[in-house]
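Student: Add 53 to the 1-based position in the sequence shown for my numbering, that's all there is to it. Built from N, CA and C at the ideal position, the CB exists for glycine as well. Keep in mind it's a predicted model, so treat the numbers as computed, not measured.
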Amino acid sequence: MKRRKLFWLFGMAALCLVLFTIIDARLENTSSVIMGGAQGAYVTSDTVTFEDPNAEAEPTAEDLLDWPEVDFEDPSNQYRMVRDETNFLLSSAFIPEDLAEIPGYRLSISSVALPYLEALMDAAREAGFTIYVAGAYRTYGHQNYLFNSKASQIAAGMGIDDYMDPDYQLAVEEARTITAFPGSSEHQLGLAVDLMDRQYSSWVYENMNQEFYAWLDEHCAEYGFIKRYPTKKLLLTGWDEPWHYRFVGKEAATFIMEHDLCYEEFYAHYHPEFTF
Ligand SMILES: [Zn+2]
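1) According to DSSP, F278 sits in a beta bridge with which residue or residues?
2) Taking 7 Å as the cut-off, does the CB of G291 come closer than this to any heavy atom belonging to ligand 1?
3) Using the DSSP secondary-structure output, state which residues sit across from G243 in a beta bridge.
4) Give me whichever residues DSSP pairs with V186 in a beta bridge.
5) Quickly, what does DSSP pair S161 with across the bridge? List them, please.
6) Quick check: is any heavy atom of ligand 1 less than 7 Å from the C-beta of H195?
7) Taking 8 Å as the cut-off, decide whether the C-beta atoms of Y185 and R281 are in contact.
8) Shortest alpha-carbon distance to A177 belongs to which of T232, H195, Y266, E294?
9) What are the boundary residues of the alpha helix (DSSP H) that H322 is part of?
10) Under three-state DSSP, which class holds E294?
11) If contact is defined by three or more beta carbon pairs under 8 Å, each pair taking one atom from either stretch, is the segment 293–307 in contact with the segment 146–158?
12) Among I279, D220, T232, which one has its Cα closest to the Cα of F200?
13) Can you give the Cα-Cα distance for Y193 and P235, rounded to whole angstroms?
14) With a threshold of 8 Å on Cβ separation, who are the neighbours of D313 within its own chain once the five nearest residues in sequence on each side are excluded?
15) How would you label P112, buried or exposed, when you count the other beta carbons within 10 angstroms and need 16 or more for buried?
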């Protein structure tokens, strides 16, 4: 009888040991699940999958770029965004304070940009091009005139001669895709120029000297200018004007041109609320 009791006790003890080992192993498994996690990693336990709310997002390629420091309040308006949207329209009263005449032209540009433009033109001439400034500062009134001329020309083509006609609005909307709406032209800002390698009577980019534009695209940033409306960025800028260059200063221009950005993409980095 004593032996049987001992055997029973040993049996129970062995069973307890087995059970303890199993339970301990299970506990070890669950305690090895790390709560939390780094860099947005998903943390899994046996039954739950959740995202760590404290994890920081993986840095994107954009975050890793060394973005220049930019003062968007710069009184020279050098970084001002101008677009055909209420928030970004220039008022009819906006006239740059520091306009200066471009030597040899009856055209003006902001005096901040003028020395850079002159240096760019000298370099283009040295490279063998006959650079020509086809447009620079334009008043609101002049842009208004250009726009209304385009709208009435389109309306006439549609057989509408009365601007009170409700259909005239269709002509206005179409004109908006061809000529900058008053207040939405960077030419009013005094920081934009339309550049050609000689005077062309018609504005057909394909007929212009592509070597000249290739040279400009490579070198404009050295003089603080960017290609503002490249054809390939049409969906982002809303505008296709490959001869239009805009002054933003050397640092921003170099960054924009080196990273193949349009100004909207650059601006959006500093203004997360900005959508385009
Ligand atoms: Zn232009």
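Tutor: Well, looking at it:
1) Per DSSP, F300.
2) No, ligand 1 has no heavy atom inside 7 Å of this Cβ.
3) According to DSSP, residue pairing for G243 in a beta bridge does not occur.
4) Partner(s): L248.
5) According to the DSSP secondary-structure assignment, S161 is paired through a beta bridge with E154.
6) No heavy atom of ligand 1 is found nearer than 7 Å to the CB of H195.
7) If you check the CB distance, Y185 and R281 do not come in under 8 Å.
8) Nearest neighbour of A177 by Cα position, chosen from T232, H195, Y266, E294, turns out to be Y266.
9) Annotation for H322: the continuous alpha helix (DSSP H) segment containing it runs 316–323.
10) E294 carries a strand assignment under DSSP once its states are collapsed to helix, strand and coil.
11) Contact between the segment 146–158 and the segment 293–307 is absent, because fewer than three Cβ pairs lie under 8 Å.
12) The shortest Cα separation from F200 among I279, D220, T232 belongs to T232.
13) Y193 and P235: Cα-Cα distance of roughly 6 Å.
14) A distance below 8 Å between beta-carbons, with the five flanking residues on each side excluded, links D313 to no residue of its chain.
15) In summary, P112 is exposed, with fewer than 16 beta-carbon neighbours lying within 10 Å of its beta-carbon over all protein chains present.
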